[in-house]
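Novice: Structure below; questions to follow.
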């Protein structure tokens, strides 16, 4: 876990993507975005059966091995265990962390989603938190019907868990973040972001890689600690 913790602490750009089944370009897409600067890539494809998810995660694992990056499983502790994923990401309504830990063991980082100030504070203080995501910053079709707490929650996270401070788990702003509003997110105090459509909606793998390169460069131009 020490290596995963060091990598997540250094991470700036986190991507959630489905299995690209409609485009049939998953290996090329992953190679492009990981080479472009994505540090963590999560498979988020709710409709998949476990066996198919494990097949796709083998592609994620191979790509991340080639590029020295991390991959994550969304929600499913059993699939995280089966795939050997270094990260399991849990939402507020998913399996409790203690139960998930018993399934995945001690070597897997557990990430959390947070949508309110109390959830941010709890994640920041919990030694089981490998990292947490803060948002949504803006309404997003990936979570229809979920209200967006906005950049106020990002500002709260920056006060509670200053990026780069010792003993503070890393956190990522999430929810509608892209190249057009990145400066607003940085001004609110975030230094790491999760993106979805900013990369997955690119016309092809090469364009996604170019956008990843641009986002990563902008993020890494800002120091973690003020």
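Numbering (the working numbering), first residue to last: 461 to 686. Beta carbons: idealized from backbone N, C-alpha and C, even for Gly. Just so you know, these numbers come straight off a predicted model, no measurement behind them.
1. I'd like the span of the alpha helix (DSSP H) that includes residue 494, first residue to last.
2. Is residue 564 near residue 588, with beta carbons less than 8 Å apart?
3. Could you have a look at residue 575 and say whether DSSP puts it in helix, strand or coil?
4. What first and last residue would you give for the beta strand (DSSP E) that runs through residue 682?
5. For the stretch 605–618 against the stretch 664–673, are there 3 or more C-beta pairs whose distance is under 8 Å?
6. Across which residues does DSSP place residue 654 in a beta bridge pair?
7. Buried or exposed: residue 762, going by 16 or more other Cβ atoms within 10 Å of its Cβ?
8. Please confirm whether residue 590 and residue 571 have their CB atoms less than 8 Å apart.
9. Can at least three beta-carbon pairs, one atom from the stretch 484–501 and one from the stretch 510–526, be found at a separation below 8 Å?
10. For residue 499, count neighbouring Cβ atoms within 10 angstroms of its own Cβ and tell me buried if that reaches 16, exposed if not.
11. Can you give me the Cβ contacts of residue 495 inside the same chain, cut-off strictly under 7 Å, excluding the 5 residues immediately before and after it?
12. For the stretch 617–627 against the stretch 641–650, do three or more pairs of beta-carbon atoms, one drawn from each stretch, fall closer than 8 Å, so that the two count as touching?
13. Judging by CA-CA distance, which residue of 473, 516, 467, 684 is the nearest neighbour of residue 546?
14. Cα separation between residue 623 and residue 685?
15. So what does DSSP say about residue 616, is it helix, strand or coil?
16. Counting Cβ pairs closer than 8 Å, one from the stretch 469–489 and one from the stretch 652–668, do we hit at least three?
17. So residue 503 and residue 479 are in contact, right, with Cβ under 8 Å, and what is the actual spacing, rounded?
Specialist: In short:
1. Element bounds for residue 494: 486–496.
2. no
3. coil
4. No beta strand (DSSP E) holds residue 682; DSSP gives it neither H nor E.
5. no
6. According to DSSP, which records beta bridges pairwise, residue 654 is partnered with 474.
7. This structure cannot speak to residue 762, because the chain is shown only from 461 to 686.
8. yes
9. yes
10. buried
11. 527, 669
12. Touching, per the Cβ criterion.
13. Put simply, of 473, 516, 467, 684 the residue whose alpha carbon is nearest the alpha carbon of residue 546 is 467.
14. 6 Å
15. helix
16. yes
17. 7 Å
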